[in-house]
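Novice: With my numbering, you'll find the sequence shown wraps up at 403, consecutive numbering, no jumps. Cβ coordinates follow ideal geometry from the N, Cα and C atoms, glycine included. It should be emphasised that the depicted structure is a prediction, and the values quoted were computed from it without experimental measurement.
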Amino acid sequence: MRNVLDPVGVSTMDSYLVPRWAAEWKRIIDVVKGYHPYADNYAAITPIPDIPSLRDDLRSVAPSLADFTDRLESHISAGGCGAFVPELCLSDFDDNTRACLVYALAVCIGDPTQTDHKNRRVIWDVTPRKTETDYFPTFSEHDQEAAFHTDAQYYPVPEKYFALYVMKPASCYGGRSTVCDARALRHAIEAKNKRWIIEELHQRLLPFRVPSAFTTTQDSQDIQATIAPIFSDATSIRYRRDTLLDGLRYFPEYGDSDIVKALDAFDFELKNIKVAAEVFMPKDSLMFIDNHTALHARTAFVDRSRHLLRIRLQKDENIPIKYEMLTVKKLPTEAYDLIA
Ligand SMILES: [Fe+2]
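1) Fully enclosed by the segment 289-363, which beta strand (DSSP E) runs are 3 residues long or longer?
2) Taking 7 Å as the cut-off, is the CB of histidine 212 close to at least one heavy atom of ligand 1?
3) State the Cα-Cα distance for the pair alanine 210 and alanine 247, rounded to the nearest angstrom.
4) Here's the rule: buried if 16 or more other CB atoms are within 10 angstroms of the residue's CB, otherwise exposed. What is glutamine 287?
5) In whole angstroms, what separates the C-alpha of isoleucine 91 from that of alanine 107?
6) Given this structure, state the Cα-to-Cα distance separating glutamate 341 from threonine 362, to the nearest angstrom.
7) Contact defined as beta carbons within less than 8 Å: I believe leucine 349 pairs with leucine 151. What is the distance between those atoms, to the nearest angstrom?
8) With a threshold of 7 Å, establish whether the CB of alanine 209 neighbours any heavy atom of ligand 1.
9) Return the CA-CA distance between leucine 311 and proline 270, expressed in angstroms with no decimal places.
10) Between Phe294, Asp244 and Ile290, which has its C-alpha nearest histidine 265's C-alpha?
11) Report the three-state DSSP secondary structure of serine 240 (helix, strand or coil).
12) Measuring only the C-alpha atoms, how far is leucine 414 from alanine 125?
13) Within 10 Å of its beta-carbon, does alanine 141 have 16 or more other beta-carbons around it, so buried, or fewer, so exposed?
14) Between Val148, Arg258 and Ala86, which has its C-alpha nearest phenylalanine 351's C-alpha?
15) Identify, in the order they occur along the chain, each residue of the same chain with its Cβ nearer than 6 Å to the Cβ of tryptophan 412, setting aside the five sequence neighbours on each side.
16) Considering only residues of the same chain and omitting the five flanking positions on each side of arginine 118, which have a CB-CB separation below 8 Å?
17) Provide the residue span of the beta strand (DSSP E) that contains isoleucine 252, from first to last.
18) Quick one, which of Phe277, Glu222, Asp133 and Ala233 has its alpha-carbon nearest isoleucine 300's?
19) What do you reckon, is the C-beta of histidine 359 under 7 Å from a heavy atom of ligand 1?
20) Taking the alpha carbon of asparagine 335 as the reference point, which residue from Asn104, Asn182 and Lys255 has its own alpha carbon closest?
21) Suppose only complete runs of 4+ residues qualify. What are the alpha helix (DSSP H) ranges in the segment 121-187, listed by chain order?
22) Under the three-state reduction of DSSP, which class applies to valine 73: helix, strand or coil?
23) Are the beta-carbon atoms of tyrosine 317 and valine 391 separated by less than 8 Å?
24) If we ignore side chains and look at the alpha-carbon of each, how far apart do aspartate 346 and phenylalanine 156 end up?
25) Along the chain, where does the beta strand (DSSP E) that runs through alanine 210 open and close?
26) With distances taken from CA atoms, which of Ile139, Arg184 and Pro219 is nearest alanine 162?
27) Span of the alpha helix (DSSP H) holding valine 94?
28) Compare the Cα-Cα distances from aspartate 321 to each of Ile111, Tyr218, Gly97 and Glu263 and report the closest residue.
29) Excluding the five sequence neighbours on either side, which residues of its own chain have a C-beta within less than 8 Å of the C-beta of cysteine 235, listed in chain order?
30) Hey, alanine 167 and leucine 135: beta-carbon distance below 8 Å or not?
31) Roughly how many angstroms separate the alpha carbons of valine 229 and aspartate 93, rounded to a whole number?
32) Buried or exposed: aspartate 353, going by 16 or more other Cβ atoms within 10 Å of its Cβ?
33) Got a sec, what are the start and stop residues for the beta strand (DSSP E) isoleucine 374 sits in?
34) Quick one: what does DSSP say tyrosine 224 is sitting in, helix, strand or coil?
35) Among residues of its own chain, excluding the 5 on either side of threonine 13, which ones have a beta-carbon nearer than 6 Å to its beta-carbon?
36) Using the DSSP secondary-structure output, state which residues sit across from lysine 231 in a beta bridge.
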């Protein structure tokens with residue numbers, strides 16, 4: 064597994080490095096419950112303002128957890144785009160304790176953010192859901208292939224990191240994950256004398272539609288999109304083809320024939336990318352990704368009991384440009400249906 068992921072910038076961390084859970088788990092859970100009184104149900108954990116205090120307390124009672132998370136993040140700050148832990152050694156705990164320990168691990172690295180605006184959940188269940196016909200589901204809510212994308216690309220400032228932890232993998236061995244460093248992708252495109260694709264998409268403002276679960280208004284008729292570029296100086300990459308094409312249906316003023324040509328050429332390069340690696344994440348594995356640098360994808364699966372946990376983290380960084388999120392009530396145009 065090391066040989067598969069390391070060449071694309073995702074370091075594999077051996078299980079002997081994981082925190083000494085037996086010595087620290089009770090103290091960790093006590094600290095988490097001190098800040099989140101409802102943590103007996105991990106779905107009830109919502110963002111709190113005093114995350115720095117929680118982080119300090121966790122690091123103080125759980126030094127091996129602090130060491131592990133420092134090491135994990137150092138893989139990325141040293142130039143990588145992620146880290147993979149094949150076995151986090153939490154399988155013997157009950158589901159809620161596993162979720163809370165993964166949450167504690169995440170808190171040691173950054174500030175967990177809410178995923179949806181209705182329940183404000185921090186620990187998001189990535190598992191297929193039934194949806195209404197007019198609902199625009201996101202990848203974490205269905206079982207189809209999820210093409211290369213960055214998370215939360217539809218928000219003005221996407222989170223810096225996200226962690227994916229496997230509660231239960233798909234028994235069909237579907238739902239395989241692929242990771243690609245956007246810097247390597249960019250070099251590969253330029254090496255093929257297709258620099259025009261990058262030039263066309265760099266700093267060009269495009270509309271990424273916000274999926275229904277994550278809109279920030281109460282009205283279900285509202286259509287929202289964040290207007291931001293794919294390649295920018297703020298982040299290496301921001302991308303998801305379906306939210307972008309759907310955004311163009313509602314905000315066609317941001318598109319033209321040059322953009323359509325560049326998007327199709329970019330998508331072709333992504334589908335034929337060589338600088339990417341695919342891995343099946345087994346039960347109890349953890350993937351930690353720099354969401355400003357890496358694209359990730361997932362294959363389809365048929366076992367609808369597949370269940371992962373996802374926590375997104377913001378870091379205290381200065382992102383120089385904050386892009387705008389627009390809200391409208393209108394019908395889609397058909398101008399971009401041909402490329403959808
Ligand atoms: Fe994703």
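Specialist: With the structure as the only source:
1) 339-342, 349-353 and 357-361
2) As a first step, residue 212 is located in the sequence shown; it is residue number 149 there, counting from the start. True, at least one ligand heavy atom lies under 7 Å from that Cβ.
3) In the sequence shown, residue 210 corresponds to position 147, counting from 1. In the sequence shown, residue 247 corresponds to position 184, counting from 1. Going by the C-alpha atoms only, they are around 18 Å apart.
4) Locating residue 287 in the sequence shown gives position 224, counting from the first residue. Looking at its Cβ environment, which holds 16 or more other Cβ atoms inside 10 Å, glutamine 287 is buried.
5) Translated into the one-based positions of the sequence shown, residue 91 becomes position 28. Translated into the one-based positions of the sequence shown, residue 107 becomes position 44. Straight-line Cα distance between these residues: approximately 18 Å.
6) The count along the sequence shown starts at 1 and reaches residue 341 at position 278. The count along the sequence shown starts at 1 and reaches residue 362 at position 299. Cα to Cα, the separation comes out at about 9 Å.
7) Residue 349 sits at position 286 when you count from the first residue of the sequence shown. Residue 151 sits at position 88 when you count from the first residue of the sequence shown. Rounded, the Cβ-Cβ distance is 5 Å, consistent with contact.
8) As a working mapping, residue 209 is identified with position 146 in the sequence shown. Yes, the Cβ of alanine 209 comes within 7 Å of a heavy atom of ligand 1.
9) Taking the sequence shown and counting its residues from 1, the one referred to as residue 311 is at position 248. Taking the sequence shown and counting its residues from 1, the one referred to as residue 270 is at position 207. Between leucine 311 and proline 270, the C-alpha separation is close to 6 Å.
10) Stepping through the sequence shown from its first residue, residue 265 is reached at position 202. That would be Phe294, whose Cα lies nearest to the Cα of histidine 265.
11) Working through the sequence shown from its first residue, we reach residue 240 at position 177. Of the three classes helix, strand and coil, the one that applies to serine 240 here is strand, per DSSP.
12) Shown here, the chain extends from 64 to 403; a query on residue 414 therefore has no answer.
13) To locate residue 141, count along the sequence shown from 1; it is residue 78. The residue in question, alanine 141, is exposed, as its Cβ has fewer than 16 Cβ neighbours within 10 Å.
14) Here the question's residue 351 lines up with position 288 in the sequence shown. Closest by alpha carbon: Val148.
15) Only positions 64 to 403 of the chain appear in the structure, and residue 412 is not among them; the question remains open.
16) Counting from 1 along the sequence shown, the entry for residue 118 is found at position 55. Contacts found: Val170 and Cys171.
17) Locating residue 252 in the sequence shown gives position 189, where the first residue counts as 1. Run containing isoleucine 252: none in the beta strand (DSSP E); it sits in the alpha helix (DSSP H), 245-254.
18) Walking along the sequence shown from the start, residue 300 turns up at place 237. The shortest Cα separation from isoleucine 300 among Phe277, Glu222, Asp133 and Ala233 belongs to Glu222.
19) For the purposes of this step, residue 359 is identified with residue 296 of the sequence shown, where counting begins at 1. Histidine 359 Cβ: within cutoff of ligand 1.
20) Residue numbering aside, residue 335 sits at position 272 when the sequence shown is read from its first letter. It is Lys255 whose Cα lies nearest to the Cα of asparagine 335.
21) Entirely contained in the segment 121-187, the alpha helix (DSSP H) runs reaching 4 residues are, in chain order, 126-140 and 158-170.
22) By 1-based counting over the sequence shown, the position of residue 73 is 10. Three-state DSSP puts valine 73 in a strand.
23) Sequence index remark: in the sequence shown, residue 317 carries index 254 (1-based). Sequence index remark: in the sequence shown, residue 391 carries index 328 (1-based). Cβ distance not < 8 Å, so tyrosine 317 and valine 391 don't count as in contact.
24) The residue given as residue 346 occupies position 283 in the sequence shown. The residue given as residue 156 occupies position 93 in the sequence shown. First, the residue type needs correcting, since residue 346 is lysine and not aspartate in the sequence shown. Spanning the two alpha carbons is a distance of roughly 13 Å.
25) Here the question's residue 210 lines up with position 147 in the sequence shown. Counting along the chain, the beta strand (DSSP E) containing alanine 210 begins and ends at 209-212.
26) Counted from its first residue, the sequence shown places residue 162 at position 99. The option with the nearest alpha carbon to alanine 162 is Arg184.
27) The count along the sequence shown starts at 1 and reaches residue 94 at position 31. DSSP places valine 94 inside the alpha helix (DSSP H), whose first and last residues are 84-98.
28) Position 258 of the sequence shown, counted from the first residue, corresponds to residue 321. Checking every option, the nearest Cα to that of aspartate 321 belongs to Glu263.
29) Here residue 235 refers to the residue found at position 172 when the sequence shown is read from its first residue. Around cysteine 235: Phe364, Val365 and Asp366.
30) Start at 1 with the first residue of the sequence shown, and residue 167 comes out as number 104. Start at 1 with the first residue of the sequence shown, and residue 135 comes out as number 72. Going by C-beta atoms, alanine 167 is not nearer than 8 Å to leucine 135.
31) As a working mapping, residue 229 is identified with position 166 in the sequence shown. As a working mapping, residue 93 is identified with position 30 in the sequence shown. Looking at the two C-alpha atoms, the distance is approximately 23 Å.
32) The residue given as residue 353 occupies position 290 in the sequence shown. Answer is buried; the Cβ neighbour count reaches 16.
33) Taking the first residue of the sequence shown as position 1, residue 374 is located at position 311. 370-377 is the span of the beta strand (DSSP E), which, as asked, contains isoleucine 374.
34) Translated into positions along the sequence shown, residue 224 becomes position 161. Of the three classes helix, strand and coil, the one that applies to tyrosine 224 here is strand, per DSSP.
35) Limits of the chain in this structure are 64 at one end and 403 at the other, which puts residue 13 out of reach.
36) Taking the first residue of the sequence shown as 1, we reach residue 231 at position 168. His370, per the DSSP bridge assignment.
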